[in-house]
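Chains G and V supply the protein sequences, listed in that same order. Counted the way the working numbering counts, the first sequence spans residues 160 to 597. Counted the way the working numbering counts, the second sequence spans residues 2 to 253.
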Amino acid sequence: MPTMTTDPASTVAQRLKDLPSDALSARREEALARYQDIQWPSMRDEAWRYTNTREIAATEFSGADSSATIDADAVAPYVLDADMPRIVFVDGIFQPDLSTATSRPGVHIDRLATVMADAPERLTDHLAAHADWSDDPACALSTAMLTDGVMVELDPGTRMDTPLHVMFLTRGGEAPISVHPRVLVVAGDETTGTVIESHVGLGGNTVLTTPVTELIAGDKVNLDHYRMVREGSNTWHLGDIALHQGAHSEVSSCLLAFDGPMIRTRMRATLAGEHGNAILHGLALGHGARHIENLLRVNHMVPNCRSRESFKHVLEDNSTAAFTGRIYVAEGAQKTDAVQTNRNLVLSPTARASARPQLEIYADDVKCTHGATTGELDQESLFYLQARGVPTAAARSMLVQAFAGEILDDVAPDSLRGQAQMLLRDRLPAAEHLAMVE
Amino acid sequence: MLQITNLHASIDDTPILRGIDLTIKDGEVHSLMGPNGSGKSTLAKVLAGDEAYEVTDGSIVLDGQDLLELDPHERAAAGMFMAFQYPVEIPGVTMKYFLRTAMNSVRKYREQEELDAYEFLSLVKERAAMVELDTDLLDRPVNGGFSGGEKKRAEIFQMAMLEPSICVLDETDSGLDIDALRTVADGVNKMRGADRSFLVITHYQRLLTYIVPDIVHVLVDGRIVRSGGKELALELEEQGYALVEDGHPVDA
Ligand SMILES: Nc1ncnc2c1ncn2[C@@H]1O[C@H](COP(=O)(O)OP(=O)(O)O)[C@@H](O)[C@H]1O
Ligand SMILES: [Mg+2]
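This is how it looks when you write it as structure tokens:
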């Protein structure tokens with residue numbers, strides 16, 4: 160029997176040697192050193208108490224074949240709306256033929272690779288500056304391997320008139336691959352926009368994906384971000400979403416986790432200007448042995464900001480979900496108004512949910528509330544639906560739709576909301592009994 | 002025909018229904034009266050199949066079918082309808098979506114064609130008009146934020162949509178003002194017919210001046226202690242349940 164002799168971290172170092180030397184080189188080197196330092200922690204590590212990375216640590220990942228292409232037909236089912244501008248990556252490789260998004264005055268949509276090579280000054284202050292890679296191996300790895308992705312830059316006073324859809328598809332190969340999707344949004348003062356990410360796994364090859372998205376909003380920005388997760392059956396998805404907000408900004412990020420055996424997301428919002436509003440939403444469906452972990456942190460650095468966190472998990476079979484939500488209120492951040500809720504709907508006796516709210520408050524005039532609930536379906540509601548002729552399984556599914564609806568109803572782009580509702584319906588028992596969503 | 006024989010039911014091992022015999026023939030309207038806590042709602046829920054209650058003895062047969070063998074949704078499809086005394090609010094499920102799903106399931110079970118969107122909406126319009134229900138309510142969550150009167154109208158509206166053969170109305174009159182009461186009663190009366198029967202549960206005689214019953218039963222402590230014609234309701238109203246409470250079961 161062959162023994163594992165290759166240290167995955169040194170494989171990464173080898174891959175790093177092949178990367179271009181550019182403005183990001185130093186940051187990559189630093190991140191690699193960090194990654195080699197941290198490695199994949201054991202479950203004794205507080206931040207990794209709920210997620211077991213032993214298999215990831217033992218797997219040697221290579222980069223994707225750089226000539227990877229894909230048929231338009233294979234992508235079509237995941238397109239939200241034919242008219243919505245999109246950028247498509249397959250196994251981390253940009254697909255020019257399938258991408259339709261273009262820049263227009265004031266709204267710059269570019270590949271990160273291009274910006275790094277041609278105008279690195281546009282991103283050096285922002286890229287890998289907000290998603291904290293100092294304490295997390297997935298984020299450190301993403302930063303070490305940072306070569307491409309999407310940059311959206313909005314000049315002050317501009318608005319994107321349609322959402323941008325960034326599609327990261329993975330197919331993998333016989334050997335395990337790792338991909339490191341990256342999105343950077345720099346929204347100047349008084350801008351408005353929406354960015355949707357889809358992470359789609361095509362099949363069952365072994366993949367590690369570490370998507371990192373940084374949203375940097377100036378003053379009076381209105382920005383919505385969505386991350387739809389539909390990974391393949393052997394994809395580990397360990398991602399980051401980091402928001403940094405200026406004064407009077409309203410930035411939202413919504414995680415929709417539908418498929419994949421392990422979906423771990425760190426979501427962070429830093430409110431750095433007064434009267435900022437951060438809205439963090441999440442819906443995750445647990446099936447089979449899926450493991451879901453959401454780690455949230457909201458940093459209230461200045462007075463008069465508001466944050467709203469609402470995460471919901473639906474857990475069937477042997478699935479598990481862990482939620483950690485930290486609200487940090489800096490000294491002097493008076494009149495902070497923070498609300499955090501985590502609701503778990505546990506549909507099977509073998510599913511497990513855990514919640515850890517953490518408040519760290521250094522100001523005295525604040526309103527911070529958190530609540531976590533774990534429950535089953537309401538029996539009275541169930542009986543009411545059944546008594547009117549809805550079969551038991553369909554009645555249960557309707558109540559799950561209702562539970563998820565509180566998150567899905569707030570998904571603004573119609574095509575994304577519609578897709579999410581259909582995906583939910585398809586994953587519920589007795590879908591054939593449910594009337595089509597109108 | 003609904004035939005209830007020697008029905009015993011308990012909750013958490015406490016017997017509530019203690020031997021109920023009641024036969025309602027097609028086209029008949031029966032009324033069930035009785036003091037608070039006598040078991041009226043328990044009977045209604047046991048008929049509809051609420052699993053919170055355990056049937057310990059007896060039988061319920063509807064048109065030759067043993068209802069105790071059927072799940073609640075199958076009973077609904079077989080023709081049972083129970084209007085709840087306290088309709089539950091279900092946030093996140095709209096009335097329309099719920100009703101569409103319910104109608105489709107029931108029709109599938111009855112081997113009828115599913116209604117298409119147009120047929121469904123025209124039926125909704127027609128039946129909502131019967132009970133003067135504002136159809137805007139149908140875009141709201143099930144009973145969500147409905148007033149007491151709206152909830153009761155919505156129950157009778159659903160009954161009209163589902164076209165049951167036996168309708169059990171559990172205190173549909175409670176909380177209604179006189180106008181609403183008349184509207185709801187009118188709706189019920191329009192649904193009366195040779196192949197549909199009713200069990201109208203009420204605490205007060207008032208409703209029975211609008212929905213005139215063929216037979217009135219008095220339930221005390223989980224047993225029917227007296228049955229009679231519609232004049233029994235008036236008698237109870239005048240003399241109170243003391244008339245029957247300490248008496249022994251009396252046949253009509
Ligand atoms: N879920 C329950 N748990 C315990 N006791 C109950 C429950 N439901 C009803 N009961 C009891 O059963 C009896 C009958 O109640 P109910 O059928 O609601 O009476 P009615 O409708 O005639 O007022 C009452 O004594 C009530 O306290
Ligand atoms: Mg009652």
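Heads up, the beta-carbon is just placed ideally off N, CA and C, and yes, glycines get one too.
Check                                                                                                                          : Outcome
Beta-carbon contacts of Asn503/G that lie in its chain and below 6 Å, excluding the five residues immediately before and after : His472, Ala512, Thr533
Inter-stretch contact at 8 Å, needing at least 3 Cβ pairs: the segment 282-301 of chain G / the segment 191-198 of chain G     : yes
Contacts that Glu535/G makes with chain V (C-beta to C-beta distance below 7 Å)                                                : Within 7 Å Cβ-Cβ: nothing; Glu535/G doesn't reach chain V, min ~14 Å.
Ser42/V: CB within 8 Å of a non-hydrogen atom of ligand 1                                                                      : yes
Interface flag, Ala546/G vs chain V, CB-CB below 9 Å                                                                           : yes
Where Ala299/G meets chain V, residues with beta-carbon distance less than 8 Å                                                 : Within chain V, no residue comes near Ala299/G; the closest Cβ sits about 40 Å away, beyond 8 Å.
Whole runs of the beta strand (DSSP E) within the segment 156-240 of chain V, excluding any shorter than 3 residues            : 167-171, 198-202, 216-221, 224-229
Best match in Cys464/G, Asn458/G, Val410/G, Val461/G for proximity to His440/G [C-alpha to C-alpha]                            : Val410/G
Contact test: Leu220/V Cβ vs ligand 1 heavy atom, cutoff 8 Å                                                                   : yes
Pair within 9 Å by beta-carbon distance, Val344/G and Ile375/G                                                                 : yes
Asp174/V beta carbon near ligand 2 (any heavy atom closer than 8 Å)                                                            : no
9 Å Cβ cutoff met for Lys153/V and Pro88/V                                                                                     : yes
Own chain, CB closer than 8 Å to Glu90/V, minus 5 neighbours either side, in chain order                                       : Pro142, Val143, Asn144, Gly145, Gly146, Phe147
Residue from Leu100/V, Thr136/V, Asp140/V with nearest C-alpha to Val549/G                                                     : Leu100/V
Beta-carbon proximity of Val457/G to Ala437/G, cut-off 9 Å                                                                     : yes
Reference Glu468/G, options Ala497/G, Gln493/G, Leu444/G, Glu475/G, closest by Cα                                              : Ala497/G
Classification of Ile179/V by the beta-carbon crowding that lies within 10 angstroms, buried from 16 upward                    : exposed
Other residues of its chain near Ala563/G: CB distance less than 7 Å, five sequence neighbours each side excluded              : Leu442, Lys471, Val473, Leu583
CB-CB length for Asp140/V against Lys97/V, believed under 8 Å                                                                  : 6 Å
Paired residues, beta bridge with Phe253/G - DSSP                                                                              : Phe248/G
Neighbour list for Glu565/G in chain V, Cβ cutoff strictly below 7 Å                                                           : Gly93
Inter-residue CB distance, Val217/V and Ser39/V (contact presumed, cutoff 8 Å)                                                 : Between Ser39/V and Val217/V the Cβ distance is about 14 Å, and since that is not below 8 Å, they are no contact.
Distance between Thr212/G and Val388/G (C-alpha atoms, nearest Å)                                                              : 19 Å
Residue span of the beta strand (DSSP E) that contains Met131/V, given as start and end                                        : No beta strand (DSSP E) contains Met131/V, which is instead part of the alpha helix (DSSP H) from 118-131.
Thr102/V in three-state terms, based on DSSP                                                                                   : helix
Leu587/G versus Ala288/G, Asp181/G, Gly577/G, Met557/G, residue with shortest Cα-Cα distance                                   : Met557/G
Straight-line gap, Val461/G to Asp399/G (C-alpha atoms, nearest Å)                                                             : 23 Å
Nearest neighbour of Met326/G, chosen from Met319/G, Asn453/G, Ala231/G, Glu565/G [CA to CA]                                   : Ala231/G
CB contact check: Gly248/V to chain G, cutoff 9 Å                                                                              : At Gly248/V the pLDDT is 49, less than 50, meaning the model places this residue with poor confidence and gives no usable figure here.
Close-in-space but distant-in-sequence residues of the same chain around Ala172/G (CB under 8 Å, 5 per side omitted)           : Leu191, Gln195
Thr210/G and His358/G closer than 9 Å at C-beta                                                                                : no
Other residues of its chain near Thr351/G: CB distance less than 6 Å, five sequence neighbours each side excluded              : Arg318, Asn381
Distance, Gln159/V Cα to His339/G Cα                                                                                           : 53 Å
Segment limits, beta strand (DSSP E) that includes Gln560/G                                                                    : Gln560/G -> not in any beta strand (DSSP E); alpha helix (DSSP H) instead, spanning 551-567.
Minimum Cβ-Cβ distance from Val549/G to chain V less than 9 Å                                                                  : yes
Residue closest to Thr365/G, alpha-carbon to alpha-carbon, out of Arg203/G, Glu214/G, Pro236/G                                 : Glu214/G
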